[in-house]
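Novice: One structure is given below, represented as structure tokens, and several questions about it will come after.
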């Protein structure tokens, strides 16, 4: 009992420890050697571009967020006042609280994105410098630079949710406070959507635009310094992969924390009536688990080490297995200590915490499964990538057809893994014997929530591995640009290949966590709607017996809303993909102008105007992110207002399913195309006579087409879909009062 | 009252009239001039190949269907015996009836496919011959040849459903008989699935394989007689487009007839208790409507005429507007005569039939809307195709990206149109005042059923237009092969372009009807499950109050089943697309062998072995259709047995949504790529200096890549998805007893 009470304090302690540790890592990275003058020059140009983009992007996002906060506050204030005038927290006060929570969530997300990206950009040149000396040192610099992002994202999300929960009366009224902080999750989603969209459009437009105008039109090599678009490409890796994915996972952890706390309220009520000790521990549980995940990650960073001749992926995997093992131990400790049900037991006389410990393990296992599914489909050593490489022999058309077939196929393993995780954790949870006063077993849904928590315990580590990707990618670019030694280039090439894998893994992880988190938020939404309905019934403004008992797909409005939800996923992706094309055009026009008006560029006597391309790309990408972003925000509001609270839940569920599957298709086909190209470049493809079909062959040209097609799939539309799915969930959760009739 | 009774006899009368009319049209077509000796030679080779494929394919399908019928009969027999032993029709008797209905459905579908395709193949040479004389005559020959298919498909489906309904006691016990004939729909779906899969794989494998080995490898032109794969390509147009789409729409009309009759039972019960005259008319209504649709189509065929200098599409449109207008009139007549509710009125004192007449009009309007949506997205004169053509300037990658963006975008208009049709017909129907004893308003769902019927009134005409496509396509090929006059070639080129449009339109129509029909069948499924549950409750083997009241997406098994349903759509498409690649490989290997071992082919001194390529393609395509077919049949059975009757309904609904949207993406992106290529070939694309970028430019080469990618999308995976969606609906409807716990 005492331990359970004390455990709550682990939340701020772990959060602050993680931030301090991130600062320590940042100092460590910054103190390393910055490399040659040539390296620093390139790095400074990248930093300048990234900072310029981030400044402008986050100013835009901040303005949008401010506007959204005011609108949300007013809407909630007016709707709730109109419907019930008789609760503890209501009307304009609730509107104000929601608006403030939204802004705090948005601010935390922006802060972790900005700082994390800043350190990442600083890490790339130091990784390049370290690569001149040692592989292990280069891995460590890149991983520590990435870990700064990882820790900041998770710690700020934890402290933010906890802080606002306490500020909104969580210690005195824990059953109501979780519902008051949903604005925080919405704020985080809102920022994540625009950060991912803007960054994703920027990075791929720069990539495609620079290639088309340089390689195709001017006939100069890829990554040639004469091409002003190339620096924009390197900047893009940072703003898309670092800042974008950071915001994505910030949102995942924040939304999941809040959703799980809302579901915890149902168990809290049972605990209260059953007289179990520490009922509020059921509500704090998600935050405690997350705190232990952070501590486990701190330890694991020290296991990223190895021999000079070792595969760098092994070093990263070593740390991943450590954080997973420690998380499992922490899970056992926390569940056994906080889930105190007195003498009550579940099925077969087993203590309830044991079932939930099992659910948490399912979550941890799911994240491992996803890591391996993604590897199978996108790494060069397995059937799918080989199949695409073989298909390249007969030209770009068969390469594309084969890649689409592989992308579609990947949904199978994804869906089955998620299905098993949900069914198993739901079943295990339902055995814990958590039955409420109405006779409903709430353990199943809570079990799925615990599985999500288990899965997300390793987020900080996964995010560090993800950010490792752009850092090493940039380190490679800097090494090449500055004409560094052959040995250093070999090391950065190896790191870059590993970085490609870790980036792909993170997307798999982000998808799986998005689907579990969405199911959680969906359940939380139903709880919230019924809380409001109950209050309205109590206040006499609504008939009894009108609770939202089911989301009935057989009702026409629910089916129609579900249909529109699935459609939104395609329509949004279409807008995102098209935005890349439009932005790339802007780059092409500018680089063409430079080639024309600055004739000295071609003979290296004139330096291209890098800053101007970066600036133009920035403006175009930010302009292009507005339409898909607005469609994503407006559609659920319109559907919810027109078709009601039940229909919007159907919309949310089916949009989640459709979004997760389409993101899987886009991410994995893109990853597989990319690696099919690398497979051919590495000389693994042979014709019937056994001759190697490498670079400059038709097969390679076909594979390049596939790679280019995959770019906006895997780096713009796919990742934006993860964010979309969670945004839809938080938007409906926050605006629920608007949809109830 | 008298009219309503008499109207039932219109069903066999219209059915037989339509068949006689089809025979008359067939005789008319067959009596036309067969053209030159050279033309007849090519046509005979095509006929030979098509007959060989169809014989082998339908033998395989017949065997599969026989096996399936036995299994279904036994399963239904055993399950129903085990659960209830106390009804009018039960156990092995019900199993036998279901198995027989399945076989009759399968046989009718096969018969209409075989005869229709036979006449189509006979029509192509006569169209080619007519094109030497007159455009109008060529249009009429092709349209009449296509109409044979159209009439047979709709008439056999109508007579089949009516015959088996009467045979199973429909005249004495109309409230039970609709549930006994569901096997007919399943049989039709089963045949359609394999017909569409086998035909779709054959046609696109031949197309892709012949191109790759001829154009790419041997460097000879497309459609060159030296390439043995080219005849397989021409055969493919017939077996894929004619037989496949015929089976697809046979299934739509059959399944929709049965589903609507099941929903009619609910109104019949109300009519009985309210003492309305002719209660059984509510059950016969769908068949009467279909009968009038057939009669309207017969009249409209005579309006396919025009001037020699007219756009052939106008001639076809003229007939379409006639059948639509006549259908609207028939709808008013039939609803006013059969929906006799005595003195009872709906909202505002309006007679109930008026509301349902409105629902039928919504259906007719929806089909017009879909015709125009498809035109906008796939015809060369609008923004989407132009956009893709422009993107071809920067290479195949941007062509593909742009096509995918367009494909994704088309889901928007599709989903909104379906949403409006469902919401509007549901709302209108609910105003009719059809409230049952339990107080439920059943008019809404019945309204959506009437909208579907309205939509499907024009099926025979649409199908005739669709078959017009492959006939004119083949006529063009024959004209070219036989080196006919320039004038004839101009006419067949114009007809071919129109045929491409009509083929695309039919797919849009098939998708829209599939989604409406699926919703209908889904509602019928719930009715059937509750019929069984009620019987079990009555028999005392089940607790009262356990009816299936909602399909609750918030329950984990329902959500998981829905997830798997959406995944199946991708996985099935992946298998279908991959099957095209594998089959194409078989063709490539054989044509390579012929080039190698028969050196006389290249200088025209040796005739290539066309028959062998056709035979090899046939074998490979039939082998490749088994796996996706089995996955489609097995998945719903496994999910239903494991997760239960509620979950499988969620599976069905979400698979329908996902399938309709993915089919939309695949069909429309494929159509748009095809027409972007044609747009460039027609010389509409210009560079910045105003120079035309036509054939043999890089832009054209890029557009060819897009066209090839689109082939398996729009002609294999997309159309197979329509069938899949309906198969899932009929399978769950038939096997419902297996899923109830």
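Protein chains in written order, with my numbering: chain A, 1 to 741; chain B, 1001 to 1741. Ideal Cβ positions, reconstructed from N, Cα and C, are used throughout, including at glycine.
1. Compile a chain-ordered list of the residues in the segment 1654-1679 of chain B whose CB is closer than 7 Å to at least one CB of chain A.
2. Cα separation between residue 723 of chain A and residue 626 of chain A?
3. Tell me, please, whether the segment 112-120 of chain A touches the segment 147-154 of chain A by the rule of three or more beta-carbon pairs shorter than 8 Å.
4. Based on the DSSP output, what are the partners of residue 440 of chain A in its beta bridges?
5. Does any CB atom of chain A fall closer than 8 Å to the CB of residue 1557 of chain B?
6. What are the residues of the segment 1508-1521 of chain B that lie near chain A, defined by any Cβ-Cβ distance shorter than 9 Å?
7. The alpha helix (DSSP H) with residue 1653 of chain B in it runs from where to where?
8. Could you pull out every unbroken alpha helix (DSSP H) segment of at least 4 residues lying fully inside the segment 1001-1030 of chain B, listed in chain order?
9. Rounded to whole angstroms, what's the CA-CA distance from residue 1584 of chain B to residue 1354 of chain B? Just pull it up for me.
10. Between which residues of its own chain and residue 1286 of chain B is the CB-CB distance below 8 Å, once the five residues before and five after are set aside?
11. Please report the residue range of the alpha helix (DSSP H) in which residue 333 of chain A lies.
12. Less than 7 Å between C-beta atoms, sequence neighbours within five positions excluded: which residues of the same chain meet that for residue 1237 of chain B?
13. Below 8 Å on the Cβ atoms is my contact criterion, and I expect residue 103 of chain A with residue 15 of chain A to pass it. Report the Cβ-Cβ distance as a whole number of Å.
14. Taking only beta-carbon positions, decide if residue 370 of chain A is within less than 8 Å of chain B.
15. By alpha-carbon positions, which one of B:1532, B:1011, B:1720 and B:1070 ends up nearest to residue 1738 of chain B?
16. Leaving out five residues before and five after residue 663 of chain A in sequence, what residues of the same chain have Cβ atoms less than 7 Å from its Cβ?
17. Are the beta-carbon atoms belonging to residue 139 of chain A and residue 315 of chain A less than 8 Å from one another?
18. What does DSSP give as the partner residue(s) for residue 1692 of chain B in the beta ladder?
19. What does the alpha-carbon distance come out to for the pair residue 270 of chain A and residue 317 of chain A?
20. Within the segment 1391-1453 of chain B, note down every full alpha helix (DSSP H) run reaching 4 residues or more, in order along the chain.
21. At 8 Å on the CB atoms, spell out the chain B contacts of residue 712 of chain A, in chain order.
22. Output yes or no for whether 8 Å exceeds the beta carbon distance between residue 691 of chain A and residue 624 of chain A.
23. If the cut-off is 7 Å on Cβ atoms, which residues from the segment 1568-1579 of chain B count as contacting chain A, listed in chain order?
24. If you draw a straight line from the C-alpha of residue 1300 of chain B to the C-alpha of residue 1456 of chain B, how long is it?
25. Below 8 Å between beta carbons: does that hold for residue 570 of chain A and residue 1665 of chain B?
26. Counting Cβ pairs closer than 8 Å, one from the segment 318-336 of chain A and one from the segment 30-41 of chain A, do we hit at least three?
27. Within 10 Å of its beta-carbon, does residue 1709 of chain B have 16 or more other beta-carbons around it, so buried, or fewer, so exposed?
28. Given a cut-off of 8 Å, decide if residue 699 of chain A and residue 528 of chain A are closer than it, judged by their beta-carbon atoms.
29. For a quick check, are the C-beta atoms of residue 1479 of chain B and residue 1232 of chain B less than 8 Å apart?
30. If contact means a Cβ-Cβ distance below 7 Å, which residues of the segment 402-428 of chain A contact chain B?
31. So, at 7 Å on beta carbons, what are the nonlocal neighbours of residue 1615 of chain B in its own chain, with the 5 sequence-adjacent residues on each side left out?
32. Does DSSP put residue 527 of chain A in a helix, a strand or coil?
33. Does residue 667 of chain A pass the burial test, meaning 16 or more other C-beta atoms within 10 Å, or should it be called exposed?
34. Are the C-beta of residue 1001 of chain B and some C-beta of chain A separated by less than 8 Å?
35. Taking only beta-carbon atoms, is residue 1012 of chain B less than 8 Å away from chain A?
36. Can you pull the chain B neighbours of residue 563 of chain A, defined as C-beta to C-beta under 7 Å?
Specialist: Per the coordinate set shown:
1. Residues 1654, 1657, 1658, 1661 and 1665.
2. In the first chain, residue 723 of chain A corresponds to position 723, counting from 1. In the first chain, residue 626 of chain A corresponds to position 626, counting from 1. Between residue 723 of chain A and residue 626 of chain A, the alpha-carbon positions lie close to 15 Å from each other.
3. Contact check between the segment 112-120 of chain A and the segment 147-154 of chain A: three or more CB pairs, one atom from each, fall below 8 Å, which counts as touching.
4. Within the first chain, the letter at position 440 stands for residue 440 of chain A. The partner list for residue 440 of chain A (beta bridge, DSSP) is empty, contrary to what the question assumes.
5. Numbered from 1 along the second chain, position 557 holds the residue referred to as residue 1557 of chain B. So yes, residue 1557 of chain B belongs to the interface.
6. Cβ contacts with chain A come from 1515 and 1519.
7. Residue mapping note: residue 1653 of chain B aligns to position 653 of the second chain, counting from 1. Segment 1610-1681, the alpha helix (DSSP H) holding residue 1653 of chain B.
8. List check, alpha helix (DSSP H) in window: 1002-1007 and 1010-1030.
9. Taking the first residue of the second chain as position 1, residue 1584 of chain B is located at position 584. Taking the first residue of the second chain as position 1, residue 1354 of chain B is located at position 354. A direct Cα-to-Cα measurement between residue 1584 of chain B and residue 1354 of chain B gives close to 54 Å.
10. As a first step, residue 1286 of chain B must be located in the second chain, where it is residue number 286. Excluding residues within five positions, the ones whose Cβ falls inside 8 Å are 1256, 1257, 1260, 1261, 1264, 1449 and 1453.
11. Here the question's residue 333 of chain A lines up with position 333 in the first chain. Residue 333 of chain A -> alpha helix (DSSP H) spans 312-338.
12. Residue mapping note: residue 1237 of chain B aligns to position 237 of the second chain, counting from 1. For residue 1237 of chain B, where only same-chain residues beyond five positions count, the Cβ hits under 7 Å are 1203, 1470, 1473 and 1474.
13. For this step, residue 103 of chain A is matched to residue 103 along the first chain. For this step, residue 15 of chain A is matched to residue 15 along the first chain. In this structure residue 103 of chain A is not in contact with residue 15 of chain A, their Cβ atoms being roughly 20 Å apart against a cut-off of 8 Å.
14. As a position in the first chain, residue 370 of chain A is number 370, starting the count at 1. Under the Cβ criterion of 8 Å, residue 370 of chain A is not counted among the residues facing chain B.
15. For the purposes of this step, residue 1738 of chain B is identified with residue 738 of the second chain, where counting begins at 1. When only C-alpha atoms are compared, the closest one is B:1532.
16. In the first chain, counting from the first residue as 1, residue 663 of chain A sits at position 663. Cβ-Cβ distances below 7 Å link residue 663 of chain A to 511, 718, 721 and 722 in the same chain, with the five nearest sequence neighbours on each side left out; the list follows chain order.
17. Counting from 1 along the first chain, the entry for residue 139 of chain A is found at position 139. Counting from 1 along the first chain, the entry for residue 315 of chain A is found at position 315. Inclusion of residue 139 of chain A and residue 315 of chain A in the CB contact set at 8 Å is warranted, their separation being smaller than that value.
18. Reading the second chain from its first residue, position 692 is the one you call residue 1692 of chain B. According to DSSP, residue 1692 of chain B bridges with B:1686.
19. Position 270 of the first chain, counting from 1, holds the residue named residue 270 of chain A. Position 317 of the first chain, counting from 1, holds the residue named residue 317 of chain A. Here the alpha carbons of residue 317 of chain A and residue 270 of chain A stand approximately 41 Å from one another.
20. 1396-1430, all fully within the segment 1391-1453 of chain B.
21. Position 712 of the first chain, counting from 1, holds the residue named residue 712 of chain A. Residues of chain B with a Cβ closer than 8 Å to the Cβ of residue 712 of chain A are, in chain order, 1401.
22. Residue mapping note: residue 691 of chain A aligns to position 691 of the first chain, counting from 1. Residue mapping note: residue 624 of chain A aligns to position 624 of the first chain, counting from 1. No; because the gap between Cβ atoms is not below 8 Å, this pair is not in contact.
23. Going along the segment 1568-1579 of chain B in chain order, one finds 1570, 1571, 1573, 1574, 1577 and 1578 with a Cβ nearer than 7 Å to chain A.
24. Against the second chain, residue 1300 of chain B aligns to sequence position 300. Against the second chain, residue 1456 of chain B aligns to sequence position 456. Those two C-alpha atoms are separated by around 15 Å.
25. Taking the first residue of the first chain as 1, we reach residue 570 of chain A at position 570. Taking the first residue of the second chain as 1, we reach residue 1665 of chain B at position 665. Result yes, Cβ atoms of residue 570 of chain A and residue 1665 of chain B sit closer than 8 Å.
26. The segment 318-336 of chain A, when compared against the segment 30-41 of chain A, does not touch it at the 8 Å Cβ threshold.
27. Within the second chain, the letter at position 709 stands for residue 1709 of chain B. Buried, because 16 or more other Cβ atoms sit within 10 Å of the Cβ of residue 1709 of chain B.
28. Numbered from its first residue, the first chain carries residue 528 of chain A at position 528. Numbered from its first residue, the first chain carries residue 699 of chain A at position 699. In this structure, residue 699 of chain A does not lie closer than 8 Å to residue 528 of chain A by Cβ.
29. What you label residue 1479 of chain B is simply residue 479 of the second chain in a count that begins at 1. What you label residue 1232 of chain B is simply residue 232 of the second chain in a count that begins at 1. Taking a C-beta distance under 8 Å as the contact criterion, residue 1479 of chain B and residue 1232 of chain B do not qualify as a contact pair.
30. Residues 402, 404, 405, 408, 409, 411, 412, 415, 418, 419, 422, 423 and 426.
31. For this step, residue 1615 of chain B is matched to residue 615 along the second chain. Taken in chain order, the residues that qualify are 1052.
32. If you number the first chain from 1, residue 527 of chain A lands on position 527. Of the three classes helix, strand and coil, the one that applies to residue 527 of chain A here is helix, per DSSP.
33. If you number the first chain from 1, residue 667 of chain A lands on position 667. It is buried - the Cβ of residue 667 of chain A has at least 16 other Cβ atoms within 10 Å.
34. The count along the second chain starts at 1 and reaches residue 1001 of chain B at position 1. Residue confidence is low: residue 1001 of chain B scores 44 on pLDDT, short of 50, so the model does not pin down where it sits. Its coordinate-derived value is still stated next. By the rule that beta-carbons nearer than 8 Å mark a contact, residue 1001 of chain B does not touch chain A.
35. The residue you call residue 1012 of chain B lines up with position 12 of the second chain. Judged by the 8 Å Cβ criterion, residue 1012 of chain B is not in contact with chain A.
36. On the first chain, position 563 is the one that residue 563 of chain A refers to. Within 7 Å Cβ-Cβ: 1415, 1418, 1419 and 1657.
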